[in-house]
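Residue numbers (full-length UniProt numbering), protein chains in the order written: chain H, 1 to 299; chain X, 1 to 299. Taking it in order: structure first as structure tokens, then the write-up.
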DNA sequence: GAATAGATATACATAAATTTATGACTAAGC
DNA sequence: GCTTAGTCATAAATTTATGTATATCTATTC
């Protein structure tokens, strides 16, 4: 007697429990009830011959094995989501939905008008925007199209280099009127600086070039790039943002022009399989044009 | 009322129908009955709002949309299979199963003794060997470890360069006794040649260097490399095989030494996630050693 | 041309899974 | 200390899905 392969529903419930942390919550998320999810997990444990969770009154905590299996279940879920998206409209028609991922600033400041223009031309296409500063995996189809600030490392992806987004030190006019305009890099030490909280690769690069300060110099610390931008706009102090964004707002002043020397290489990426999907392809081309426009204006 | 997300079982049945070509066959493959699978497909069609198959008395033929969705379902299936493999044994113990993919010759001629040695040391690890000349997708976890003859293009994979497998013209002693030994490359035209049926990239490269013949010159044509090797061993004529294999068999003669000038770059590849799996890691290292040994002997 | 094998589709009884309802337990807030 | 909200576990009720049996249709074979 061969061990019957477990049904895929079991994996779905298993993943939901991992994500939600309890049978009850998983049940709610899936539109099932707690006992059902409980039995699914039990059944999967029996089928795999391994215990997946240690039960406790405040929820289930996953075992080692459960954590190892999680990735695979996530892949299944991503594929299921991608399938749904692909099925959301006939590939030859321009209808359905497309999922785009980008950094938060780009998603909030740059993309909206571009997407609005696209929407005007193709009103049947719904757009999902997933904003995060961790890069989502296009090979896993976490998204259909990605705007990346790093050269794509994964081969086999369709990528287009859009150009370089210039970064620059900015401050609000109101701030400068009160505190004066920094005349040199060293002068910045006397100002309210806006910067990152945790040190990322970008910041280490900047510091290596001596062009940026450590965490302790910042009067306003936030990892979110939009939060920093908001702080600049609110006149909190001096911070870094994309030159293109600064130029849009007449009250923002670009300081110490050209001294930053650090730019964002910008790429548009998608999965090769999606080239045949009309709506994805159209949005890809549209984004390429719109972003190239934006980048050109920032230079 | 939000449209409820379709259950994963439906995808499973959908894929089975695509693979098997009929509801009945899919039912047999899944251990379900034809009406059940039929209902699954119906339900999925309703949930997606698209027709997936056109019914006919001789089976179901997939629609355009069904073919587009297939990839995603395949990804789900691959992930499910990978999950099962991962769950086949605790990651810290050396037990469970590992799936290795390689070309047919390598799998038939080179790997068996290496795997046998591994088995002796780790008797609890089951080994799945998937032999094919199309490269399986490691990112999709179609296999855990791959022996590749081309440099891996997909970034983010763990790859180790093992060296270069030398190829050479070979013939069986019995053939040479009857038909004489070809003295030069041009002389080959007077011999029974063993070669490929369809033209692959490898062959085009060879022909571009003027070191190989077209399809029409071959007296024995087979796309399978093992079949070619078998033909050489049977004394059918002159063909190409790995020097390391020729050297093992005292009756095989390496002809026109060093004139071929075409080699196989060899790589061992695995998914980075699997580094933490003890059994996969051990087999990876063992294969690296064993294959490097084999390659060294072929030079 | 009839018989066969393989396919889908439908009807209905049955088996299986889900929901509902309940109990027991834990942690936090008043 | 008691209430409230959260959890998992269990047993009975019900819905749901499955399997069986049958009809039908179409190529293929004898």
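Don't be surprised by glycine CBs; every beta carbon is placed ideally from N, CA and C.
| field | Residue span of the beta strand (DSSP E) that contains residue 268 of chain X, given as start and end | value | 263-270
| field | Chain-order list of residues whose beta-carbon lies under 6 Å from that of residue 142 of chain X (same chain, five-residue window excluded) | value | Apart from sequence neighbours up to five positions away, the residues of its chain that approach residue 142 of chain X with a beta-carbon distance below 6 Å are 78, 136, ordered along the chain.
| query | Between H:231, H:102, H:61, H:43, which lies nearest to residue 149 of chain H when the distance is taken from Cα to Cα? | reply | H:102
| message | So, for residue 14 of chain X: in the same chain, excluding its five sequence neighbours on each side, which residues have a beta-carbon less than 8 Å away from its beta-carbon? | response | 40, 41, 44, 52, 66, 69, 73
| message | Please tell me whether residue 229 of chain X and residue 245 of chain X are closer than 8 Å, where the distance is taken between their beta carbons. | response | yes
| query | Buried or exposed: residue 55 of chain X, going by 16 or more other Cβ atoms within 10 Å of its Cβ? | reply | exposed
| query | Using a beta-carbon distance below 8 Å, is residue 75 of chain H in contact with chain X? | reply | yes
| Residues, ordered as in the chain, of the UniProt domain "HTH lysR-type" (12-63) of chain X that lie near chain H by beta-carbon distance below 7 Å | 12, 31, 48, 50
| said: Taking its Cβ as the centre, do 16 or more other Cβ atoms sit within 10 Å of residue 277 of chain H, making it buried, or is it exposed? | reply: Taking every protein chain shown into account, the CB of residue 277 of chain H has 16 or more other CB atoms within 10 angstroms, so this residue is buried.
| request: Answer yes or no: does any C-beta atom of chain H fall closer than 8 Å to that of residue 225 of chain X? | output: no
| message | Which runs of the alpha helix (DSSP H) at least 4 residues long sit entirely within the segment 79-121 of chain H? Give them in chain order. | response | 111-121
| request: Output, in chain order, the set of chain H residues within a Cβ distance shorter than 7 Å of residue 139 of chain X. | output: 139
| Residue nearest to residue 250 of chain H in terms of C-alpha spacing, selected from H:287, H:76, H:173 | H:173
| field | Which listed residue (H:48, H:33, H:24) has its alpha carbon closest to that of residue 11 of chain H | value | The shortest C-alpha separation from residue 11 of chain H is found at H:48.
| request: For residue 2 of chain X, I'd like the list of residues in its chain whose CB is within less than 6 Å of its CB, leaving aside the five on either flank, ordered along the chain. | output: In this predicted model, residue 2 of chain X has a pLDDT of only 40, less than 50, meaning its place in the structure is not dependable; the value taken from the coordinates is given anyway. Answer for residue 2 of chain X: no residue qualifies.
| query | Quick one: what does DSSP say residue 299 of chain H is sitting in, helix, strand or coil? | reply | Residue 299 of chain H falls in the coil class under three-state DSSP.
| said: Between residue 282 of chain X and chain H, is any beta-carbon pair separated by less than 8 Å? | reply: no
| field | Same chain, Cβ closer than 6 Å to residue 8 of chain X, neighbours up to 5 away in sequence not counted | value | none
| Whole-number beta carbon distance between residue 82 of chain X and residue 160 of chain X, since they are thought to touch under 8 Å | Going by Cβ atoms, the distance from residue 160 of chain X to residue 82 of chain X rounds to 21 Å, so no, they are not a contact pair.
| residue 272 of chain H classed as buried or exposed, judged by whether at least 16 other C-beta atoms fall within 10 angstroms | exposed
| field | Close-in-space but distant-in-sequence residues of the same chain around residue 152 of chain X (CB under 7 Å, 5 per side omitted) | value | 159, 267, 269
| task | Take the Cβ of residue 31 of chain X as the centre, count every other Cβ of all protein chains shown within 10 Å, and call the residue buried at 16 or more, exposed below. | result | With fewer than 16 other Cβ atoms within 10 Å, it is exposed.
| said: With distance defined between alpha-carbon atoms, name the residue in H:121, H:194, H:293 nearest to residue 223 of chain H. | reply: Taking only the C-alpha atoms, the option nearest residue 223 of chain H is H:194.
| task | For residue 90 of chain H, go through chain X and note every residue whose CB falls closer than 7 Å to its CB, in chain order. | result | 65
| message | Can you tell me where the beta strand (DSSP E) holding residue 168 of chain H begins and where it ends? | response | 158-172
| field | Burial state of residue 113 of chain H, where buried means 16 or more other Cβ atoms lie within 10 Å | value | exposed
| query | Looking at the structure shown, is residue 138 of chain X part of a helix, part of a strand, or coil, going by DSSP? | reply | coil
| request: Verify the CB distance criterion: does residue 286 of chain X have a CB-CB separation below 8 Å to chain H? | output: no
| request: Please classify residue 109 of chain X: is it buried, with 16 or more other beta-carbons within 10 angstroms of its beta-carbon, or exposed? | output: buried
| message | In this structure, how does DSSP classify residue 150 of chain X when only helix, strand and coil are distinguished? | response | Coil, per DSSP.
| request: Express the C-alpha separation of residue 134 of chain X and residue 220 of chain X in angstroms, rounding to a whole number. | output: 22 Å
| request: State the Cα-Cα distance for the pair residue 89 of chain H and residue 50 of chain X, rounded to the nearest angstrom. | output: The straight-line gap from Cα to Cα measures roughly 9 Å.
| field | Helix, strand or coil at residue 58 of chain X [DSSP, three-state] | value | coil
| Residue from X:166, X:84, X:190 whose Cα sits closest to the Cα of residue 254 of chain X | Out of X:166, X:84, X:190, X:166 has the C-alpha closest to the C-alpha of residue 254 of chain X.
| field | Inter-residue CB distance, residue 64 of chain H and residue 100 of chain H (contact presumed, cutoff 8 Å) | value | Not a contact, Cβ separation roughly 36 Å.
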